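Notes follow the structure.
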Amino acid sequence: MVDFFAIADFIGIVAFVISALSISTKQKLDILGLFIIAFLTALGGGVMRDILIDKLPSSFVNIDNVMIVIGTIFIGLILGLHRKNIDKNIIFVVTDSIGLVSFAIAGALMGLKADFTIFGVMLIALITAVGGGVMRDILLNQVPLLLKSDFYGSVALLIGLVIYILNYFQILNSLSLSILFVLGFTIRMVAFKFDWHLPKING
400 MVDFFAIADF IGIVAFVISA LSISTKQKLD ILGLFIIAFL TALGGGVMRD ILIDKLPSSF
460 VNIDNVMIVI GTIFIGLILG LHRKNIDKNI IFVVTDSIGL VSFAIAGALM GLKADFTIFG
520 VMLIALITAV GGGVMRDILL NQVPLLLKSD FYGSVALLIG LVIYILNYFQ ILNSLSLSIL
580 FVLGFTIRMV AFKFDWHLPK ING
């Protein structure tokens with residue numbers, strides 16, 4: 400099978416860096432702030448994932464992910480993704496959703512490789528997908544999307560569950576993962592479009 404973990408990890412990093420570029424411009428951060436937010440968003444979840452599976456974080460021992468972050472930032476700036484005439488909200492939602500789904504898949508695959516139970520696979524998918532975004536939101540003094548947004552964490556948990564089931568029935572392959580990626584992204588975007596939310600706690 401194609402190394403879907405590497406592909407999902409790469410797509411997730413690029414997507415989250417672009418989302419960080421978008422939100423950094425909206426928040427009027429300086430260039431250092433942009434780099435901090437980009438690195439936290441793109442690599443934070445992966446670092447937490449690697450620590451939980453008792454593995455040295457790949458971003459600490461491999462320069463590739465760091466170079467992907469830096470390269471994506473500069474390409475994004477060259478392409479003008481920071482300009483004011485571009486709808487930052489749309490860019491953020493689309494790229495953040497791509498990153499969410501990609502990292503959920505990468506996390507779940509890593510959980511399977513570590514022989515985690517269904518609970519472990521779902522949890523590691525969630526942590527990988529939202530860990531960087533939670534750190535980003537806290538640093539920007541915002542309530543994390545995980546706690547309030549439309550099917551944000553739910554999509555990551557669902558992806559982890561489906562991947563575990565696919566693996567159990569031995570139909571986990573590039574095709575099934577590709578379909579899952581499209582479905583996960585579609586659910587997230589439809590939820591955003593129609594403002595779907597889980598029931599909220601009211602006092």
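Here the sequence shown is numbered in the working numbering, starting from 400 and rising by one per residue.
Positions of the beta carbon are idealized from the N, C-alpha and C atoms, including for glycine.
Since this is a predicted model, take the numbers as computed values, not measurements.
Task: Cα-Cα separation between D514 and D495, rounded to whole angstroms - done: Taking the first residue of the sequence shown as 1, we reach residue 514 at position 115. Taking the first residue of the sequence shown as 1, we reach residue 495 at position 96. Distance from the CA of D514 to the CA of D495, rounded to the nearest whole angstrom, comes to 28 Å.
- [ ] Helix, strand or coil for L431, going by three-state DSSP, please let me know.
- [x] The count along the sequence shown starts at 1 and reaches residue 431 at position 32. If DSSP states are grouped into helix, strand and coil, L431 belongs with the helices.
Open item on the list: Going by beta-carbon coordinates alone, are V493 and V554 separated by less than 8 Å?
Closed with: Translated into the one-based positions of the sequence shown, residue 493 becomes position 94. Translated into the one-based positions of the sequence shown, residue 554 becomes position 155. Result no, Cβ atoms of V493 and V554 do not sit closer than 8 Å.
- [ ] Would you mind reading off the limits of the alpha helix (DSSP H) that contains A414?
- [x] The residue labelled residue 414 in the question sits at position 15 within the sequence shown. From DSSP, the alpha helix (DSSP H) with A414 extends over 403-425.
TODO: Report yes if the CB atom of M534 is closer than 8 Å to the CB atom of G443, and no otherwise.
DONE: Locating residue 534 in the sequence shown gives position 135, where the first residue counts as 1. Locating residue 443 in the sequence shown gives position 44, where the first residue counts as 1. M534 places its beta carbon less than 8 Å from that of G443.
Task: Close Cβ partners of I517 (< 6 Å) along its chain, the five nearest in sequence each way excluded - done: As a first step, residue 517 is located in the sequence shown; it is residue number 118 there, counting from the start. The answer, listed in chain order, is Y563.
Open item on the list: Within 8 Å, do at least three Cβ pairs link the region 427-435 to the region 401-415?
Closed with: Result no; under three Cβ-Cβ pairs closer than 8 Å.
Open item on the list: What does the alpha-carbon distance come out to for the pair F568 and V561?
Closed with: In the sequence shown, residue 568 corresponds to position 169, counting from 1. In the sequence shown, residue 561 corresponds to position 162, counting from 1. Roughly 11 Å separates the two Cα atoms.
Open item on the list: Is the beta carbon of I523 closer than 8 Å to that of L455?
Closed with: Position 56 of the sequence shown, counted from the start, is the residue given in the question as residue 455. Position 124 of the sequence shown, counted from the start, is the residue given in the question as residue 523. Result no, Cβ atoms of L455 and I523 do not sit closer than 8 Å.
Open item on the list: Just to confirm the assignment, what range does the alpha helix (DSSP H) spanning N464 have?
Closed with: For the purposes of this step, residue 464 is identified with residue 65 of the sequence shown, where counting begins at 1. Note, N464: alpha helix (DSSP H), 463-477.
- [ ] Return helix, strand or coil for T494, following the three-state DSSP convention.
- [x] Here residue 494 refers to the residue found at position 95 when the sequence shown is read from its first residue. Correct three-state label for T494: helix.
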